[in-house]
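Worksheet: one structure, shown below.
2 protein chains.
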Amino acid sequence: MVIKLADYLFTRLRQVGVHSVFGVPGDYNLRLLDFVQPSGLDWIGNCNELNAAYAADGYARIKGVSALITTFGVGELSAINGIAGAYTERAAVIHIVGTPSRALQSSRSLVHHTLADGDYRRFGAMASHVTVAQVDLKDPRRVPGQIDWVLGQSLLHSRPVYLQVPEDMADVDIDASNLKSSISVPSAPVASLGLIVMERILERIYTARHPLILVDGESRSMGILDEIEELVRMTGWPTWTTVFGKSLINEQLPNVYGIYSGRLGRLPCKDYFDSADLILNIGPHYSDTNSQNFTTIPSQAASVTFSHNSIQIGSEVYPDISSDFVSQLIRSIDESCIPRVTGPPKPTIRPDLLSPSPDITQKHFYRIVNSLFRDGDLIFTETGTAAHGGRNFILPPNTRLFGPVTWLSIGYMLPATLGAVLAQRERNNGRNTRGILFIGDGSLQMSVQEISTIIREKLNVVIFVINNGGYTIERAIHGRKQAYNDIASWRHALAMSFFGANESHAIINTFAARTWEQLDLVLKDQRVQQGEGVRMVEVFMDREDVDGALLRLMERQIQME
Amino acid sequence: MVIKLADYLFTRLRQVGVHSVFGVPGDYNLRLLDFVQPSGLDWIGNCNELNAAYAADGYARIKGVSALITTFGVGELSAINGIAGAYTERAAVIHIVGTPSRALQSSRSLVHHTLADGDYRRFGAMASHVTVAQVDLKDPRRVPGQIDWVLGQSLLHSRPVYLQVPEDMADVDIDASNLKSSISVPSAPVASLGLIVMERILERIYTARHPLILVDGESRSMGILDEIEELVRMTGWPTWTTVFGKSLINEQLPNVYGIYSGRLGRLPCKDYFDSADLILNIGPHYSDTNSQNFTTIPSQAASVTFSHNSIQIGSEVYPDISSDFVSQLIRSIDESCIPRVTGPPKPTIRPDLLSPSPDITQKHFYRIVNSLFRDGDLIFTETGTAAHGGRNFILPPNTRLFGPVTWLSIGYMLPATLGAVLAQRERNNGRNTRGILFIGDGSLQMSVQEISTIIREKLNVVIFVINNGGYTIERAIHGRKQAYNDIASWRHALAMSFFGANESHAIINTFAARTWEQLDLVLKDQRVQQGEGVRMVEVFMDREDVDGALLRLMERQIQME
Numbered sequence: 001m002v003i004k005l006a007d008y009l010f011t012r013l014r015q016v017g018v019h020s021v022f023g024v025p026g027d028y029n030l031r032l033l034d035f036v037q038p039s040g041l042d043w044i045g046n047c048n049e050l051n052a053a054y055a056a057d058g059y060a061r062i063k064g065v066s067a068l069i070t071t072f073g074v075g076e077l078s079a080i081n082g083i084a085g086a087y088t089e090r091a092a093v094i095h096i097v098g099t100p101s102r103a104l105q106s107s108r109s110l111v112h113h114t115l116a117d118g119d120y121r122r123f124g125a126m127a128s129h130v131t132v133a134q135v136d137l138k139d140p141r142r143v144p145g146q147i148d149w150v151l152g153q154s155l156l157h158s159r160p161v162y163l164q165v166p167e168d169m170a171d172v173d174i175d176a177s178n179l180k181s182s183i184s185v186p187s188a189p190v191a192s193l194g195l196i197v198m199e200r201i202l203e204r205i206y207t208a209r210h211p212l213i214l215v216d217g218e219s220r221s222m223g224i225l226d227e228i229e230e231l232v233r234m235t236g237w238p239t240w241t242t243v244f245g246k247s248l249i250n251e252q253l254p255n256v257y258g259i260y261s262g263r264l265g266r267l268p269c270k271d272y273f274d275s276a277d278l279i280l281n282i283g284p285h286y287s288d289t290n291s292q293n294f295t296t297i298p299s300q301a302a303s304v305t306f307s308h309n310s311i312q313i314g315s316e317v318y319p320d321i322s323s324d325f326v327s328q329l330i331r332s333i334d335e336s337c338i339p340r341v342t343g344p345p346k347p348t349i350r351p352d353l354l355s356p357s358p359d360i361t362q363k364h365f366y367r368i369v370n371s372l373f374r375d376g377d378l379i380f381t382e383t384g385t386a387a388h389g390g391r392n393f394i395l396p397p398n399t400r401l402f403g404p405v406t407w408l409s410i411g412y413m414l415p416a417t418l419g420a421v422l423a424q425r426e427r428n429n430g431r432n433t434r435g436i437l438f439i440g441d442g443s444l445q446m447s448v449q450e451i452s453t454i455i456r457e458k459l460n461v462v463i464f465v466i467n468n469g470g471y472t473i474e475r476a477i478h479g480r481k482q483a484y485n486d487i488a489s490w491r492h493a494l495a496m497s498f499f500g501a502n503e504s505h506a507i508i509n510t511f512a513a514r515t516w517e518q519l520d521l522v523l524k525d526q527r528v529q530q531g532e533g534v535r536m537v538e539v540f541m542d543r544e545d546v547d548g549a550l551l552r553l554m555e556r557q558i559q560m561e
Numbered sequence: 001m002v003i004k005l006a007d008y009l010f011t012r013l014r015q016v017g018v019h020s021v022f023g024v025p026g027d028y029n030l031r032l033l034d035f036v037q038p039s040g041l042d043w044i045g046n047c048n049e050l051n052a053a054y055a056a057d058g059y060a061r062i063k064g065v066s067a068l069i070t071t072f073g074v075g076e077l078s079a080i081n082g083i084a085g086a087y088t089e090r091a092a093v094i095h096i097v098g099t100p101s102r103a104l105q106s107s108r109s110l111v112h113h114t115l116a117d118g119d120y121r122r123f124g125a126m127a128s129h130v131t132v133a134q135v136d137l138k139d140p141r142r143v144p145g146q147i148d149w150v151l152g153q154s155l156l157h158s159r160p161v162y163l164q165v166p167e168d169m170a171d172v173d174i175d176a177s178n179l180k181s182s183i184s185v186p187s188a189p190v191a192s193l194g195l196i197v198m199e200r201i202l203e204r205i206y207t208a209r210h211p212l213i214l215v216d217g218e219s220r221s222m223g224i225l226d227e228i229e230e231l232v233r234m235t236g237w238p239t240w241t242t243v244f245g246k247s248l249i250n251e252q253l254p255n256v257y258g259i260y261s262g263r264l265g266r267l268p269c270k271d272y273f274d275s276a277d278l279i280l281n282i283g284p285h286y287s288d289t290n291s292q293n294f295t296t297i298p299s300q301a302a303s304v305t306f307s308h309n310s311i312q313i314g315s316e317v318y319p320d321i322s323s324d325f326v327s328q329l330i331r332s333i334d335e336s337c338i339p340r341v342t343g344p345p346k347p348t349i350r351p352d353l354l355s356p357s358p359d360i361t362q363k364h365f366y367r368i369v370n371s372l373f374r375d376g377d378l379i380f381t382e383t384g385t386a387a388h389g390g391r392n393f394i395l396p397p398n399t400r401l402f403g404p405v406t407w408l409s410i411g412y413m414l415p416a417t418l419g420a421v422l423a424q425r426e427r428n429n430g431r432n433t434r435g436i437l438f439i440g441d442g443s444l445q446m447s448v449q450e451i452s453t454i455i456r457e458k459l460n461v462v463i464f465v466i467n468n469g470g471y472t473i474e475r476a477i478h479g480r481k482q483a484y485n486d487i488a489s490w491r492h493a494l495a496m497s498f499f500g501a502n503e504s505h506a507i508i509n510t511f512a513a514r515t516w517e518q519l520d521l522v523l524k525d526q527r528v529q530q531g532e533g534v535r536m537v538e539v540f541m542d543r544e545d546v547d548g549a550l551l552r553l554m555e556r557q558i559q560m561e
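Just so you know, the sequences run in chain order A and B. Letter by letter, the first sequence follows residues 1 to 561 in the UniProt record's numbering. Letter by letter, the second sequence follows residues 1 to 561 in the UniProt record's numbering.
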């Protein structure tokens, strides 16, 4: 039995859970694109390839895997920064690149979208730095194996992979027999070591006096969120997350405390952490921005650390233990032997104290807007003041928060909102899920045109644009008064109309707030609370207004001036 | 005598002719940016890094060299597609990347904007594919030599180079003594071979019966445009250009014929070409898109070919002969010995024949809008139908046409307009030069936000947006009715207001034309003819309306359906 290459590839994409494909058409991928809709996939044409890559990343973080199609050279290189982010923060983006025909390549023809040097391998070499596996589909006999291998690698690592499809290969017949079985991610054999590790961990659990659970962000890509939730409920142990781990565990549980911030956070939490004799440290991701500049990484001696392919107990590393060990562990725990401990007191949520001035400030904004969130929302906080503010959100159940972790590419969050909200709609069988995006005016300028794709796809998204005249997070870091941190001033109120929203919808769903009173009216508005489509709320804040850790940075600058 | 690294670097930039620096601030480059304005350079903050790279490319094609500053990882990778285009089509973009401090790098610290793997060399390795030289400025003793060498390489090749500046190096003291002399591009020693080559070429010139001159696009980066113009005037020989070479030679000269199109062009031209016994082939760039799919590359036997570093006579290649050989050649020619020849008749320019229908069509649009151009304009035609139409423009003297050549990255032309018009204003000592951009609605979506930078910099630019509902050039190539070639519909009339133009300026300088009559009114309007700032003209054409070579492609598709 034979099947055309494109049909094989797209069948595989559907099997692993992809329903929408992002990208931009280009002359080397058009023949491939002919097969997208007939295969049952939706084509989401983006405004440019970087935005498409960001959207694919957002989609993969909700559905586990995503696909992106670009064209040779110009398209794929435009996307490569988004691919690098997906690599860093573990999103399985299948990046498919339409390339010139095999005949052109083997003749080293100086075609367009090359560097006019006859070398067709440069872009693949560049991609190899930011993808875990690369294939060039040039030989029909090898294609089924190549596709299955490369998709498996993406799922295994939860990272991007790279496929080149020459223009003349899209409709070439290949063997279809592999399709009878699904792509399987091999689990590591349960080594005899596994039993020893299990025993040692159980002993640590049963004998702990000051235990805690720390949920970091790679728990998501390890695919063990349900298991972690069970562990948190079963033990009742005090549980924190990192920045990357926020929202991966239900913050409404009584023993879940939110992000652990070390000496920047509450003292009772830090005291508990410091005295811990067992830290179940799950899915660690140790970057400066995910660990308060490396200060919140738990002590090795106290930690049992569950990573993608290994477990570490104290200083001993046990490799080749895959993520499903965690569910075995939970099944092995004798609940009656779990020590019951009392965590530090949770802070009482203070009533919304408005700041004395009528102006909207970073310090209070996020706590007030928090009231808008409800069960099931997806919440997005772009790199900058928005992300810092969002760390203190108290999230309803079944919400997910997207925030910057390590790659921190401004411009990411708006297209990621598109990808994630679309993916969630698919998971909900077509029922729209609300996305709420918080984004600064500087970041917005990077990828603003993708608002039009959100509009076209009829997604339910509330966009809060924080207008403070530029890159305020950078003003806090360096260059408080420097002109390079300023941006051109836009009329955000026109965004929806410009990008093609229904005109009357655009007019009645565009809001602005300069004072608390105005913000209060917006937040209570039924169009924001219950509406559909895109709603845009421009919130004005002072150019140098920051809070928390950023405030300390800003103050340090002022002292040094 | 010592100087801070950033001051040294920026002094060098000014010395080689850079006055404006493009880019986006990021936390690893802020300390470097502190030195930009004090050094006398202008900082042009762009909306995103890809747009910044495109703008720098456009600037370099006017002033010979340009500079771009981005931040580590996220910034530089966003820009890399623009750098690749500059490499392909020879624009000397100095790409300066602010990187983490040396201490962080040597500790392999997992900081943000890395892949969280401790490897700081990946992005430099990626850049090495699309730049001619790379330096990492980590040792103060080596820095002056490194900067001088890398800038020299950029000028020598007219291609991008890559500099990494660790955050802690910007204000480090380095030796300033090199600054006493300017950066020199070494010329190849005039080999004894040079004399032989000169004699052989002179003999070919004096004995030619059907000679012609072909001006290709690398003539610009070879820096010999004045010499070519002299050669064209001195010989009076029939002269054509390639797509890339268009506008590099004054099209108003009686012996200049425009682009040579081989069998797609006029028959008398092809006949003359085919019978030529001497083709002075200058600055060749042999890509499919610059040679009507390789059909217009001149015969080797008839050609004397002047390239960046070599001369080829027939099949013999003489390496290491630099571009200044051309001026030596001109000085050596005995004008009395130049054969006088008559070229094919030039076509009489037909009066503007309107198409029978009132709708605006590709076939006639470019000829009609041609009347708008005047001495000194810069004209930009984005990849797509606009570029195909623009090939037949008849250009007034001292104009420059930007069109796609080989890289063909849609989205390039709008930011390139920013860069080039800004550069031309600098060359004119602050007097605004008019830029006229022709861009399709699909390409516009890629980089639309850079309109705001054009507005902010108070440049004089007329933007014709060809609204035909998507990627019409791709509809001609493949997928005539496919939805993937459609785009979201925008309200272009709001663009200027959205992107921050003065509101009354925006209202009276936004035009639309659906008929010839409406277009005629727009073209005669004084605001378009003589105005200042940005003017935007939306021109509606049919989704499948194409002309020339694209029409043949479209017809072939229809036949095959």
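Using N, Cα and C, we set each Cβ at its ideal position, and we do this for glycine too.
To the nearest angstrom, report how far apart residue 566 of chain B and residue 161 of chain B are at their CA atoms. Since the first residue of chain B shown is 1 and the last is 561, residue 566 of chain B is not available in this structure.
Quick one, are the C-beta atoms of residue 492 of chain A and residue 533 of chain A less than 8 Å apart? The residue given as residue 492 of chain A occupies position 492 in the first sequence. The residue given as residue 533 of chain A occupies position 533 in the first sequence. Not in contact: residue 492 of chain A and residue 533 of chain A (Cβ atoms no closer than 8 Å).
In this structure, does DSSP put residue 198 of chain A in helix, strand or coil? Counting from 1 along the first sequence, the entry for residue 198 of chain A is found at position 198. Here residue 198 of chain A sits in helix by DSSP.
Comparing C-alpha positions only, which one of B:219, B:560, B:201 sits nearest to residue 211 of chain B? Position 211 of the second sequence, counted from the first residue, corresponds to residue 211 of chain B. The shortest Cα separation from residue 211 of chain B among B:219, B:560, B:201 belongs to B:201.
Does DSSP put residue 277 of chain B in a helix, a strand or coil? Taking the second sequence and counting its residues from 1, one reaches residue 277 of chain B at position 277. DSSP places residue 277 of chain B in coil when its eight states are reduced to three.
Just curious, the alpha helix (DSSP H) that residue 13 of chain A is in, first and last residue? One-based indexing of the first sequence puts residue 13 of chain A at position 13. Unbroken alpha helix (DSSP H) run through residue 13 of chain A: 5-16.
For residue 206 of chain B, count the other beta carbons within 10 Å of its own beta carbon; 16 or more makes it buried, fewer makes it exposed. Which is it? Position 206 of the second sequence, counted from the first residue, corresponds to residue 206 of chain B. Residue 206 of chain B should be labelled exposed.
Evaluate residue 40 of chain A with the Cβ neighbour count: other Cβ atoms within 10 Å of its Cβ, from every protein chain shown; 16 or more gives buried, anything less gives exposed. As a working mapping, residue 40 of chain A is identified with position 40 in the first sequence. Exposed, because fewer than 16 other Cβ atoms sit within 10 Å of the Cβ of residue 40 of chain A.
Return the residues of the stretch 446-468 of chain B that lie within a Cβ-Cβ distance of less than 8 Å from chain A, sorted by chain order. 446, 447, 448, 449, 452, 453, 455, 456
Please name the residue in A:360, A:344, A:28, A:58 whose C-alpha comes closest to that of residue 540 of chain A. Counting from one through the first sequence, the residue named residue 540 of chain A turns up at place 540. When each option's Cα is compared against that of residue 540 of chain A, the closest is A:360.
What does residue 48 of chain B touch in chain A if you count any residue whose Cβ is under 9 Å from its own? Mapped onto the second sequence, residue 48 of chain B falls at position 48. Correct list: 50, 410, 411, 445, 446, 447.
With residue 71 of chain B and residue 27 of chain B assumed to form a contact (beta carbons below 8 Å), what rounded beta-carbon distance in angstroms separates them? Counting from 1 along the second sequence, the entry for residue 71 of chain B is found at position 71. Counting from 1 along the second sequence, the entry for residue 27 of chain B is found at position 27. At roughly 7 Å, the Cβ-Cβ gap stays under 8 Å, so residue 71 of chain B and residue 27 of chain B are in contact.
Please state whether the Cβ-Cβ distance between residue 571 of chain A and residue 96 of chain A is less than 8 Å. With chain A covering only 1 through 561, there is no way to say anything about residue 571 of chain A.
Got a sec: which bits of the stretch 279-292 of chain A sit with their beta carbon under 8 Å from any beta carbon on chain B, in order along the chain? So the list reads 285, 286, 287, 288, 289, given in the order they occur along the chain.
8 Å Cβ cutoff, residue 502 of chain B in contact with chain A: Locating residue 502 of chain B in the second sequence gives position 502, where the first residue counts as 1. No, residue 502 of chain B does not count as interfacial toward chain A.
Can you name, in chain order, every residue of its own chain whose Cβ lies under 7 Å from the Cβ of residue 7 of chain A, other than the five neighbours on each side? The residue you call residue 7 of chain A lines up with position 7 of the first sequence. Cβ neighbours of residue 7 of chain A beyond the five flanking positions: 35, 39.
For residue 165 of chain B, tell me which candidate among B:221, B:105, B:216 has the shortest Cα-Cα distance. Sequence index remark: in the second sequence, residue 165 of chain B carries index 165 (1-based). Nearest option by C-alpha distance: B:105.
Select from B:479, B:14, B:68, B:60 the residue whose C-alpha is nearest the C-alpha of residue 29 of chain B. In the second sequence, residue 29 of chain B corresponds to position 29, counting from 1. Closest by alpha carbon: B:68.
Taking 8 Å as the cut-off, decide whether the C-beta atoms of residue 396 of chain A and residue 373 of chain A are in contact. In the first sequence, residue 396 of chain A corresponds to position 396, counting from 1. In the first sequence, residue 373 of chain A corresponds to position 373, counting from 1. Contact: yes.
What residue range does the alpha helix (DSSP H) around residue 541 of chain B cover? For the purposes of this step, residue 541 of chain B is identified with residue 541 of the second sequence, where counting begins at 1. For residue 541 of chain B, there is no enclosing alpha helix (DSSP H), since its DSSP letter is neither H nor E.
Is the distance from the Cβ of residue 284 of chain A to the Cβ of residue 216 of chain A below 8 Å? On the first sequence, position 284 is the one that residue 284 of chain A refers to. On the first sequence, position 216 is the one that residue 216 of chain A refers to. Yes, the Cβ-Cβ distance between residue 284 of chain A and residue 216 of chain A is below 8 Å.
Step through the CB atoms of chain B and report whether any lies within less than 8 Å of the CB of residue 156 of chain A. Counting from 1 along the first sequence, the entry for residue 156 of chain A is found at position 156. Not one chain B Cβ lies under 8 Å of residue 156 of chain A.
Beta-bridge pairing of residue 136 of chain A - partner residues as DSSP gives them: Residue 136 of chain A sits at position 136 when you count from the first residue of the first sequence. In the DSSP output, where bridge partners are listed per residue, residue 136 of chain A has A:164.
Compile a chain-ordered list of the residues in the stretch 94-116 of chain A whose CB is closer than 8 Å to at least one CB of chain B. 109, 110, 111, 112, 113, 114, 115, 116
Using DSSP with H/G/I as helix, E/B as strand and the rest coil, what is residue 320 of chain B? Counting from one through the second sequence, the residue named residue 320 of chain B turns up at place 320. Three-state result, residue 320 of chain B: coil.
Output, in chain order, the set of chain A residues within a Cβ distance shorter than 9 Å of residue 232 of chain B. For this step, residue 232 of chain B is matched to residue 232 along the second sequence. By Cβ distance, chain A contributes nothing, its closest Cβ being about 26 Å from residue 232 of chain B, past 9 Å.
Please list, in chain order, the chain B residues whose beta carbon lies closer than 7 Å to that of residue 491 of chain A. Walking along the first sequence from the start, residue 491 of chain A turns up at place 491. Within 7 Å Cβ-Cβ: 497, 498, 500.
Local conformation of residue 211 of chain A per DSSP, three classes: As a working note, residue 211 of chain A is residue 211 in the first sequence. Shown here, residue 211 of chain A sits in a strand according to DSSP, grouped into three states.
Assign residue 406 of chain B to one of three DSSP states: helix, strand, or coil. Along the second sequence, one-based indexing puts residue 406 of chain B at 406. Looking at residue 406 of chain B - three-state DSSP - the assignment turns out to be coil, as it is neither helix nor strand.
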